[in-house]
Amino acid sequence: MQPFDYVKPNSLEEASALLIEHNGDARLMAGMTDLLIRIERGFFHPRLVVDVKALPGMRDLLVVRNGDLRIGAAVTMNEVALSPTARSGWPLLAGGCQSVASYQLRNRATVGGNVCNASPAADSVPALLCYEASVHIFGTDGDRTLPLAEFITGPGRTALQRGELVTAITVPAPARGAAGKFLKLGRTAVGDISVMNVAVLGWPDKATPSGSQWRIALGSVAPTVIRAPEAERILAANTSMAGIEAAAQAASDASRPIDDIRATAAYRRDMVRVLTRRGVEGVLAEIGEQANR
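Quick note on numbering: the sequence shown equals residues 2 to 294 in the working numbering.
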């Protein structure tokens, strides 16, 4: 493995300045579960690794004044998955984080790293998209915030500019009565990267024909994690068995999978339909249970 220098900056400003000074030869470090592998395999050749874990706000996991959940970029997957706050208020996200790799890796892997890797197979991103999360960015020109849907621009690509780093992700409080299901298909029961995954979020809304609103996000079936807006519209209109089947098919139609060593495109499309249907049925059942309590 190529040697590199390590630095632990004392401020966001110092971290940003180091990224600019080294102009592409520096990499940010949080959990390092992905970065170290890429360095070992020769995909990355950094001369400097910048450890941002201890910077202000990077380890925050808290509900802010307006009820949103703020997740510092260096908060680990297990910290979210095991958080009573996340599990009760944002269970779809807690479920996505809990499905990442193994327990040991979840103790290191961070939410910020999962988002910034911009992998189409990322397990936290579908839930974050369903909750319409935002990404907080620091750079030499100050702070800015982007919707997650705009932050990820392609496979492995983000909207980060030179000298910028992600500091936190904000997840809006879900609607009253919301329920969510995260379903993942892997080659093994635990520890595997997603063959595909589906996040489904639904909540009661008397203004729609079906009495409910929906968000559906699909992972590992397109160049980036995507929403399935047509499926969402179908369910807002009709949650009968026929409506659920139509929505599941619309989600499958929205996918653009490829053949790779983990699965064929055809298999992924079929499983989008199957898992979307299961997710919707599970959410409807949970909404019904909540209404009867």
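For glycine and all other residues, C-beta sits at the position ideal for the given N, C-alpha and C.
One alpha carbon belongs to R158, the other to C117, and they sit about 8 Å apart. A Cβ-Cβ distance of about 4 Å is found for the pair L236 and W215, placing them in contact under the 8 Å criterion. Residue pairing of L219 in beta bridges, as defined by DSSP: V199 and I227.
If one requires a minimum length of 3 residues, the beta strand (DSSP E) runs lying completely within the segment 129-204 are 135-140, 143-148, 153-155, 166-172 and 180-186, in chain order. By the neighbour-count criterion, in which 16 or more other beta carbons inside 10 Å mark a residue as buried, L29 falls on the buried side. Under the criterion of beta carbons closer than 8 Å, A176 and R71 do not qualify as touching, at roughly 19 Å.
Note that the C-beta distance between P258 and R270 is below 9 Å. A residue is called buried once 16 or more other Cβ atoms fall within 10 Å of its Cβ, and M33 is buried on that count. Closest option to N11, judged by alpha-carbon separation, among P4, L19 and F5: L19.
The way I'd put it, the segment 173-187 doesn't touch the segment 77-85; fewer than three beta-carbon pairs between them come closer than 8 Å. Distance between L106 and A243, taken at the CA atoms: about 41 Å. Residues of the same chain with a CB within less than 7 Å of the CB of R145, apart from the 5 flanking positions on each side, are I138 in chain order. Taking C-beta atoms as the reference points, A232 and N239 fail to come closer than 9 Å. Contact between L93 and A128 is confirmed by a C-beta separation of about 4 Å, below the 8 Å threshold. Distance from the CA atom of P173 to the CA atom of Q250, rounded to whole angstroms, is 29 Å. Judged by their CB atoms, V226 and V126 are nearer to each other than the 9 Å cut-off.
According to DSSP, residue pairing for M30 in a beta bridge involves D52. C-alpha of M272 to C-alpha of L219: approximately 11 Å in a straight line.
For R257, there is no enclosing alpha helix (DSSP H), since its DSSP letter is neither H nor E. Straight-line spacing of the CA atoms in A102 and R263 works out to 16 Å.
As computed with DSSP, V8 is found in a beta bridge with V51. Between the alpha carbons of G97 and H46 lies a distance of about 31 Å. The alpha carbon of V222 has as its nearest neighbour, out of P210, P121 and P156, the alpha carbon of P121.
In this model, I217 and R42 are separated by some 35 Å (Cα to Cα).
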